[in-house]
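When we follow my numbering, the leftmost residue of the sequence shown carries the number 1, and every step to the right adds one.
One structure below.
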Amino acid sequence: MNLPKVLFVGAGPGDPELITLKGLKALQQADLVVYAGSLVNRALLAELKPEAREVDSAPLNLDEIVACMAEAVGEGKTVVRLHTGDPSIYGAIQEQIEALAALGIGAEVIPGVTAACAAAAALGQELTLPEVSQTVVISRREGRTPVPEREQLEHIAALGATLCLYLSVGMMEEVVAELLSAGAYRPETPAAVVSKASWPDEQRIEGTLSNIAAKVQEAGISRQAVILVGEVLNARHQGVNEKSKLYDPNFVHGFRK
Ligand code: SAH
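As structure tokens, this is what we get:
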């Protein structure tokens, strides 16, 4: 017998068309949708069946969220837990999955477009350029949620890779100071901040580590933004010197002999 389960669905970054087809189908079939009201675009709730119940998880604690979902599962209902972006990134899903498992309830995760990808799309920017950076780091500055010592921004910065910082735009001055402290990024290193990527009021701020904090403050952005840092961001202004091998006419690969 299949375990009854909760579907954890990635809503995407905001634009309701950026949910996956599978996520949309789950929403359309749901009897109960528990959604993160602070970030999920409510326009997605228009997809629910008229009789479906919607619960904003913002005012609820973990036990209340789990109890609400478990009760509905127990009644044989289809339950969707709707998270912003992709559920696996700062989604706090593990504790929910564990608590449900303790009640004999399974979980299935349907991925979504995470904010870093939406921010890159907003800029029309590839994050991995040959000879520039082939590594993307998703991280955050320590806030109320602690970050392990080896992952403090000073350490992360030493890589000099393309960096996507979540949950950190309210601490721009500190972010910049810590990124510069390792020496791999310089004051001239390009940086961008995309706020509300894919929403109608999306804002894109571009600069360098030396001026991005001031620009962000001037624009009045204090939340719901991704900070992108790295030399790849210069490509749109300076062009790409090193083309990718993938489309190189002399490069043979599995699909083009
Ligand atoms: N699971 C989400 C992240 C949740 S944490 C995801 O995969 O995107 C919340 C943080 O995500 C915000 O502080 C911000 O840094 C980022 N974020 C979420 N939606 C965003 C958007 N539309 N534009 C820019 N940043 C966003």
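Glycine is no exception: its CB is placed at the ideal position from the N, C-alpha and C atoms.
Taking only the alpha-carbon atoms, compute the straight-line gap between residue i and residue j and give it to the nearest angstrom.
i    : j    : result
P130 : Y247 : 12 Å
I227 : L45  : 29 Å
R223 : V169 : 6 Å
A312 : A191 : Since the first and last residues shown for the chain are 1 and 257, residue 312 lies out of range.
E98  : R236 : 44 Å
L21  : S244 : 31 Å
V193 : R140 : 14 Å
E17  : E47  : 11 Å
E75  : E64  : 17 Å
Please list the terminal residues of the continuous beta strand (DSSP E) segment that includes residue i.
i    : result
Q203 : 203-208
Out of the options, which has the shortest C-alpha to C-alpha gap to residue i?
i    : options          : result
A107 : K5, A214, D31    : K5
E173 : L100, R144, S210 : S210
Please return the same chain residues whose Cβ sits closer than 7 Å to the Cβ of residue i, not counting the five positions on each side in sequence.
i   : result
A26 : L7, V9, V80, I110
Identify the continuous alpha helix (DSSP H) that holds residue i and give its terminal residues.
i    : result
S181 : 172-181
L32  : Premise fails: L32 lies in the beta strand (DSSP E), 32-35, not in any alpha helix (DSSP H).
L21  : 21-29
Quick check on residue i: does DSSP put it in helix, strand or coil?
i    : result
I65  : helix
G160 : coil
L259 : Because residue 259 is not part of the residues shown, which for the chain are 1 to 257, the question remains open.
A118 : helix
I97  : helix
Spatial neighbours of residue i within its chain, please: CB distance less than 6 Å, with the 5 preceding and 5 following residues excluded, ordered by chain position.
i    : result
E151 : none
E178 : L153, E154
P87  : F8, G10, I93, V109
T260 : In the structure as shown, the chain starts at 1 and stops at 257, and residue 260 therefore has no counterpart that could be examined.
Ordered along the chain, which non-local residues of its own chain (more than five positions away) have a Cβ less than 8 Å from that of residue i?
i    : result
V137 : I156, L159, A161, T162, L163, C164
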